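Q:
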Amino acid sequence: MKRQTNERAVPFLRNGRLVYEARYDAFRNRVWAKVDAQERYYLYEGDTLVAELDANGNLVAEYVWGLLGPIARVASEGTVQFYVLDGLGHVRALVGRVGNSWQVTDTYAYDSWGNPIGRTWNTQQPFTWNGAYGYEYNLATGLYHVGAREYDPRTARWLQRDPIDATGGDPNLYRYAGNDPVNGVDPSGLDWLDNTASFFAGWGDRLTGGLTGHVRDWLCDILDLPRWEPSDACDERYLVGCKESYMVTGWGPVAADWIRRLRTMTER
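Residues in the sequence shown are numbered consecutively from 77, following the numbering used here.
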């Protein structure tokens, strides 16, 4: 696949044969793709894939999401499979109904960069490595569709330069997650997130009722740095940090109420 200087992927050719091509909407969502002459249309809620349609507009599958990632895949005939994710947000198994019992139907394993290893899956579905963050795996090309770009785990690089250039914080516009795929993710394809930072941001924001968010903004303004926030308030690490903070302290809601009161008083 050739690299392109904007955020759109060019057709993927193998041995002179067209294997993959895609089209995108104004929000960089992939809305149509053709893989080995098979067409698919994709429906999104925001930037979250919720359904696939075939070339005739018939439903292929729906995807049910929770706060921490995909929960279930519902095929057009009504077959339901549930996702099993690990602590890093990678899909490790699908569980479905086989006869009169629930069984593991597919299992997944990867190296740190997202290359599949020990593959034992049959279901054609996109969420595998970093599935909690909406990464969509393309079996025909071996690429991940991630927000604005396509990621190649074999070279550990993006195929397109960063659409926002160095604003994302990395002068290397093709490097993936600062070369740290264990602690970094990049759901938008624009600006990678540090999982540890997201966790402690969630911890602090829950603990202080949101006050730490204002402190972050204040410090960034003083130091003339871009403001940092979790790019997704439903980010898994951010939510886990919130939950752990509440379990340890128990007074997160009280702090939040006091902060709201203070804000109201200062706005009068």
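A virtual CB, placed ideally from N, CA and C, is assigned to each residue, including glycine. Since this is a predicted model, take the numbers as computed values, not measurements.
#1: Cutting at 6 Å between CB atoms, please list the residues of its own chain near residue 180, excluding the five before and the five after it.
#2: Would you tell me roughly how many angstroms separate the C-alpha atoms of residue 166 and residue 136, rounded to the nearest one?
#3: Compute the beta-carbon to beta-carbon distance between residue 252 and residue 262, rounded to the nearest angstrom, for a pair I have assumed lies under 8 Å.
#4: Any idea what DSSP makes of residue 250, helix, strand or coil?
#5: State yes or no: is the C-beta of residue 208 within less than 8 Å of the C-beta of residue 145?
#6: Report the rounded CA-to-CA distance for residue 206 versus residue 233, giving the unit in angstroms.
#7: The beta strand (DSSP E) spanning residue 214 covers which residue range?
#8: For the beta strand (DSSP E) that contains residue 141, what are its first and last residues?
#9: Compare the Cα-Cα distances from residue 103 to each of 236, 122 and 91 and report the closest residue.
#10: Between residue 219 and residue 211, is the Cβ-Cβ spacing less than 8 Å?
#11: Ordered along the chain, which non-local residues of its own chain (more than five positions away) have a Cβ less than 6 Å from that of residue 119?
#12: Among 112, 229 and 260, which has the Cα closest to the Cα of residue 358?
#13: Buried or exposed: where does residue 92 fall if 16 or more other Cβ atoms within 10 Å of its Cβ makes it buried?
#14: Tell me, which residues are paired with residue 206 by DSSP?
#15: What is the DSSP secondary structure of residue 228, counted as helix, strand or coil?
#16: Compare the beta carbon distance of residue 101 and residue 115 with 8 Å and say whether it is the shorter of the two.
#17: On the DSSP letters alone, give me the boundaries of the beta strand (DSSP E) that residue 147 sits inside.
#18: Cβ of residue 187 within 8 Å of Cβ of residue 199?
#19: For my contact list, residue 241 and residue 254 are in at a C-beta cut-off of 8 Å; report their separation, rounded to the angstrom.
#20: For residue 192, which residues does DSSP report across the bridge?
#21: Determine the burial state of residue 312: buried for a count of at least 16 other Cβ atoms within 10 Å of its Cβ, exposed for fewer.
#22: Please name the residue in 108, 256, 191 and 141 whose C-alpha comes closest to that of residue 132.
#23: When you compare only the Cα positions, how much space is there between residue 216 and residue 177?
#24: Compare the Cα-Cα distances from residue 260 to each of 197, 235, 190 and 231 and report the closest residue.
#25: Report the partner residues of residue 172 according to the DSSP bridge assignment.
#26: Quick check on residue 196: buried or exposed, where buried means 16 or more other Cβ atoms within 10 Å of its Cβ?
#27: Measure the Cβ-Cβ separation of residue 223 and residue 154 and say whether it is below 8 Å.
A: In terms of the structure at hand:
#1: A distance below 6 Å between beta-carbons, with the five flanking residues on each side excluded, links residue 180 to the following residues of its chain, in chain order: 169 and 171.
#2: 23 Å
#3: Separation of the CB atoms of residue 252 and residue 262 is rounded to 7 Å, and the pair is thereby assigned contact status at 8 Å.
#4: DSSP places residue 250 in coil when its eight states are reduced to three.
#5: For residue 208 and residue 145, yes; Cβs fall inside 8 Å.
#6: 15 Å
#7: 212-214
#8: Element bounds for residue 141: 135-142.
#9: 122
#10: Between residue 219 and residue 211, the C-beta spacing is not below 8 Å.
#11: 126 and 127
#12: Look at the range of the chain in this structure, 77 to 344, and you will see that residue 358 is not part of it.
#13: exposed
#14: 204
#15: strand
#16: no
#17: 145-151
#18: no
#19: At roughly 16 Å, the Cβ-Cβ gap does not stay under 8 Å, so residue 241 and residue 254 are not in contact.
#20: 186
#21: Low confidence applies to residue 312: its pLDDT is 49, below 50, so where it sits in the model is not reliable enough to give any reading.
#22: The residue with the shortest Cα to Cα distance from residue 132 is 108.
#23: 32 Å
#24: For the residues 197, 235, 190 and 231, the minimum Cα distance to residue 260 belongs to 190.
#25: 157 and 179
#26: Residue environment: residue 196 is assigned as exposed (fewer than 16 neighbouring CB atoms within 10 Å of its CB, all protein chains considered).
#27: no
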